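For the protein sequence lines, the chains are L and X, in the order given.
For the first sequence, position 53 (counting from the first letter as 1) is numbered 148 according to the working numbering, and the numbering increases by one without interruption.
For the second sequence, position 335 (counting from the first letter as 1) is numbered 613 according to the working numbering, and the numbering increases by one without interruption.
Think of the CB as a built atom: it goes at the ideal place given N, C-alpha and C, for glycine as much as any other residue.
The structure presented is a predicted model; accordingly, all values stated were derived computationally and were not measured.
Worksheet: the structure to be examined is printed underneath.
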Amino acid sequence: MTLQEVKLNTRAIIKELKVQGSIRRRLLDLGILPNTVIEPVHTSPSGYMRAYFIKGTLIALRDSESSEIIVEQRG
Amino acid sequence: MFSKLMAVNEQLNEAYLNENKGYTIALIGNPNVGKSTVFNALTGMHQHTGNWPGKTVALARGSFLHHQKSHEMIDLPGTYSLLAHSREEEVTRDYICFSPCDVCVVVCDSTCLERNLNLVLQTLEITDKVVVCANLCDEANKKNIIIHKEKLEQALGVEVVLMSARSAVGLDELKEAVMRCGVKQGEMHRSPVVYPSMIEEAITHISKVIQKKQLQERFIAIKLLEGNQQFYQCVKNKEAVQTIVQQEIKQLKDCGAYDRLEDSIVGAINQKALHIANDCITYQQTDYYEKDRKIDRIVTHKVWGILLMIALLGLIFWITISAANVPSELLADGFHIFEGKLNTWFHEIGMNETVRAILMDGVYKTSAWVISVMLPPMAIFFPLFTILEDFGYLPRVAFNLDGYFRKAKACGKQALTMSMGFGCNAVGVSGCRIIDSPRERLIAILTNNFVPCNGRYPTLIAIITMFFAGMLAAPWSGIVSALLLTGTILLGIILTFWVSRLLSMTLLKGVPSAFTLELPPYRKPQFAKVIVRSIFDRTLFVLGRAISVAIPAGALIWLFANITIQDQTLLVIISDFLDPFARQLGLDGVILLAFILGFPANEIVVPIIIMAYMSSSYMMEMDNLTALKDLLVSNGWTWVTAVCTMLFSLIHFPCATTLWTIKKETGSWKWTALSFVIPTAVGMSICFLISHIAGLFM
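Written as structure tokens, this is what we have:
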């Protein structure tokens with residue numbers, strides 16, 4: 096499944112980044128890379144952006160990016 | 279205080295005279311870890327700080343005295359890594375690699391040290407002369423995060439200083455650690471990041487061939503393997519190295535390991551950071567972020583989030599307007615009394631009447647207006663806004679407004695640069711560097727002027743009070759003024775969305791690019807510091823600029839009003855010339871002239887209007903808003919004139935400073951011209967429509 100599909104307040108483990116180019120590097124810099132636990136915690140009022148909790152920080156991503164991140168759900 | 283400053287100054291001078299030059303120290307760190315705060319705490323300088331990533335967009339230099347030596351500090355832009363993906367990262371990496379910096383201080387956020395360790399590990403690949411500064415450890419304490427300093431030092435092989443720069447905790451320790459690091463000789467015993475075996479083999483092969491000029495073989499080898507040509511300048515035997523690098527790259531490609539080279543490298547660094555973090559950090563409380571989450575649930579709520587934003591904006595305006603009233607009047611009264619005394623004195627000493635008139639009726643009156651009308655609202659607005667900024671609210675605004683910017687095919691971070699525009703559009707424009715995509719950055723630059731800067735609030739507030747809220751009883755007049763002002767600002771924000779969208783569909787076509795937005799942890803604002811700093815650094819700075827423009831403008835407008843050609847003053851000639859066109863916009867010649875003369879600084883638009891009207895109607899007393907309204911009405915102002923003047927003040931060409939900044943940031947006259955033309959055209963169209971529609975009913 097993709098990160099975009101993970102329900103709010105549910106943890107998932109990143110498996111693969113399908114995004115390319117500079118945003119891929121930016122995600123890697125922020126610690127969004129395979130085998131990391133990530134958890135969506137807030138949705139923007141517009142509904143197209145969510146804030147994710149990862150490594151003690153909150154990072155917001157638009158759905159266009161989170162739908163390109165493959166994850167595996169964890170209880 | 280002053281004598282102490284003088285003493286420090288003397289000490290500094292002495293240090294320079296003795297040529298006791300100390301170390302050059304570079305400060306690096308992830309965005310928003312408090313680098314600027316550390317910098318300020320060490321140097322005693324006052325770089326603007328705030329709780330959102332990307333505050334420092336340019337290098338700042340400062341120095342501090344320690345043991346009679348003057349050490350130079352360089353505050354580098356915040357970066358997440360040194361892999362040089364963006365301009366800021368390249369600046370930072372090149373600085374560390376190629377500039378003669380003696381010590382590199384890596385500032386980290388103790389509340390999320392694991393991620394920050396990536397940068398520490400990358401820096402350690404370049405140099406040993408590193409001190410790790412774990413900043414914000416007071417916040418970490420609050421969250422019950424315990425950092426085991428000795429273990430961490432062992433794992434990294436360099437000194438670690440636990441610090442809270444905001445309250446100057448650990449400052450001396452940091453200075454001492456930097457001094458020890460500066461004298462440190464030879465290479466440290468530390469374990470580098472270990473990459474997957476195939477990459478390690480390639481690194482070893484290349485390292486063996488390299489005859490280095492500078493830096494370490496291992497680091498040069500990694501960079502060359504990544505395909506970074508720049509690093510050939512670090513080796514003496516370029517040809518030989520080129521051959522082996524190409525061989526190794528080919529070998530990696532053959533076994534399919536080269537495509538994901540970057541992932542492997544970043545992955546290995548992250549893995550090591552994770553191991554160190556697991557060993558050296560204890561989280562005693564797993565729900566340490568629960569409080570932030572609760573706040574965020576309200577702040578980013580689908581309904582309440584947006585309402586709260588508008589309410590906060592309105593509240594800030596209401597406090598500003600109601601609290602600024604009394605000091606404004608007091609200042610105006612004071613200036614008025616002083617004016618009388620000065621005039622009497624000038625008469626007594628027999629000063630030339632023309633000179634007196636230029637000084638008093640021109641320069642003095644304009645400056646007095648600028649100070650009495652601008653100083654109180656700014657001294658209230660800036661600190662209030664800074665408190666919100668300090669708290670960490672602005673990135674949430676960007677999170678909430680992202681949908682609108684997404685529709686406009688613009689970057690969500692534009693909300694941040696827009697918010698900066700509330701203080702000063704020039705600052706907002708240079709802040710647009712936080713937007714990576716050039717297309718989206720241009721959109722943000724071109725539309726920044728649609729939110730009014732602090733120089734324009736006094737005009738808006740004065741007109742609202744005179745024409746729409748002044749007649750109401752005490753509590754209501756303030757509330758209605760705040761509501762109307764909020765409405766005006768919201769119109770500016772809506773226009774920002776529309777014009778951004780229009781640009782995306784025409785001149786700056788394209789699809790929205792990907793970006794990440796960090797929502798930093800909430801921090802308790804430092805009220806006292808915020809108030810002092812925002813008054814001294816921002817308010818007085820903006821006021822100083824306004825006065826330095828008001829003085830020549832006051833003299834100029836007096837000359838315009840008193841030099842006559844064929845029995846008509848220059849002012850009448852110019853304003854009569856502009857009048858027919860200005861009438862079409864619901865303004866008059868004087869108002870339009872005031873906006874044109876106000877090009878260097880928007881603050882002086884209203885005083886120019888007053889000066890111009892007064893010189894023709896010989897009404898010399900102007901100590902309160904009621905008298906001002908009478909003056910305006912007697913010069914033909916109606917509520918339509920008031921509305922159109924407000925709208926034109928909100929939507930017209932940027933001031934000279936902002937345009938100059940736009941030229942500097944875009945490097946193009948075309949975009950600078952467009953940023954002048956677009957808001958002017960939009961403003962004129964809106965004023966034209968309103969005045970003509972209103973004309974139908976009157």
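Neighbouring residues, chain L, relative to residue i (Cβ below 9 Å)
i, result
"V409(X)", "Those do not exist, as V409(X) stays about 22 Å from chain L at its closest Cβ, beyond 9 Å."
"G545(X)", "L123, L128, P129, N130"
"G681(X)", "S139, P140, S141, G142, Y143, M144"
Neighbourhood of residue i by C-beta, 7 Å cutoff - its chain only, sequence neighbours within 5 removed
i, result
"C375(X)", "I404, L493"
"I498(X)", "I488, K490, F509, C512, V513"
"G126(L)", "I149, K150"
Own chain, CB closer than 8 Å to residue i, minus 5 neighbours either side, in chain order
i, result
"T817(X)", "L653, M656, A657, F660"
"I968(X)", "G864, V918, V921, C922, L925"
"Q520(X)", "Y510"
"F954(X)", "F931, P932, L937"
"S388(X)", "A412, N413, L414, C415, E417, A418, I423, I425, L440"
Residue i: contacting residues in chain X (beta-carbon distance under 9 Å)
i, result
"E160(L)", "A792, F793, T794"
"V114(L)", "A792"
Residues near residue i in its chain [Cβ-Cβ closer than 6 Å; skip 5 each side]
i, result
"M698(X)", "V705, G706, G709"
"I835(X)", "I886, M889"
"T138(L)", "R145"
Chain X contact residues for residue i, given Cβ-Cβ distances below 7 Å
i, result
"I118(L)", "A792"
"V136(L)", "R571"
Rounded straight-line distance, which links the Cα of residue j to that of residue i
i, j, result
"Y896(X)", "E667(X)", "Note that Y896(X) scores a pLDDT of 47, beneath 50, so its modelled location is shaky and nothing firm can be said."
"N630(X)", "I874(X)", "31 Å"
"A601(X)", "K407(X)", "52 Å"
"M96(L)", "D158(L)", "14 Å"
"V577(X)", "N913(X)", "47 Å"
"L123(L)", "D541(X)", "8 Å"
"I825(X)", "I882(X)", "9 Å"
"V513(X)", "V398(X)", "25 Å"
"A860(X)", "C965(X)", "10 Å"
"E392(X)", "G832(X)", "58 Å"
"P605(X)", "E943(X)", "38 Å"
"F683(X)", "G690(X)", "6 Å"
"P129(L)", "K110(L)", "5 Å"
"Y891(X)", "V911(X)", "11 Å"
"A551(X)", "R801(X)", "25 Å"
"P769(X)", "L354(X)", "Sequence inspection shows Leu at residue 769(X); the Pro mentioned does not correspond to that position. Approximately 37 Å, taken between the alpha carbons."
"R371(X)", "G460(X)", "20 Å"
"M587(X)", "V675(X)", "7 Å"
"I940(X)", "E617(X)", "39 Å"
Amino acids of chain L, ordered along the chain, whose beta-carbon sits closer than 7 Å to that of residue i
i, result
"F677(X)", "S139, M144, A146, A155"
"S359(X)", "D124"
"N548(X)", "G126, L128"
"K580(X)", "P140"
Cβ of residue i within 8 Å of any chain X Cβ
i, result
"K110(L)", "no"
"V132(L)", "no"
"R121(L)", "yes"
"L103(L)", "no"
"A107(L)", "no"
Cross-chain neighbours of residue i in chain L, by beta carbon under 8 Å
i, result
"G356(X)", "Within chain L, no residue comes near G356(X); the closest Cβ sits about 12 Å away, beyond 8 Å."
"R393(X)", "L125, G126, K150, G151, T152"
"G307(X)", "Those within 8 Å of G307(X) in chain L number zero; the least Cβ separation is about 13 Å."
"D574(X)", "V136, H137, A146, L153"
Within chain X, partners of residue i - CB distance below 8 Å
i, result
"V166(L)", "By Cβ distance, chain X contributes nothing, its closest Cβ being about 16 Å from V166(L), past 8 Å."
Any chain L beta carbon closer than 8 Å to residue i
i, result
"K501(X)", "no"
"L797(X)", "yes"
"I584(X)", "yes"
"R684(X)", "yes"
"T389(X)", "yes"
"D372(X)", "no"
"G690(X)", "yes"
Do the segment 309 to 318 of chain X and the segment 373 to 390 of chain X meet, that is, are 3 or more Cβ pairs less than 8 Å apart? yes
When you compare the segment 636 to 646 of chain X with the segment 680 to 699 of chain X, are there three or more beta-carbon pairs, one atom per stretch, that lie closer than 8 Å? no
The segment 474 to 482 of chain X touching the segment 425 to 443 of chain X, judged by at least three CB pairs closer than 8 Å: no
Quick check: the segment 783 to 795 of chain X against the segment 151 to 158 of chain L, are at least 3 beta-carbon pairs closer than 8 Å? yes
How do the segment 485 to 492 of chain X and the segment 439 to 449 of chain X stand: do at least 3 beta-carbon pairs fall below 8 Å, yes or no? no
Any contact between the segment 772 to 784 of chain X and the segment 97 to 114 of chain L? By contact I mean 3 or more CB pairs, one from each, below 8 Å. no
Determine, using beta-carbon pairs with one atom in the segment 616 to 629 of chain X and one in the segment 668 to 676 of chain X, whether at least three such pairs fall under 8 Å. no
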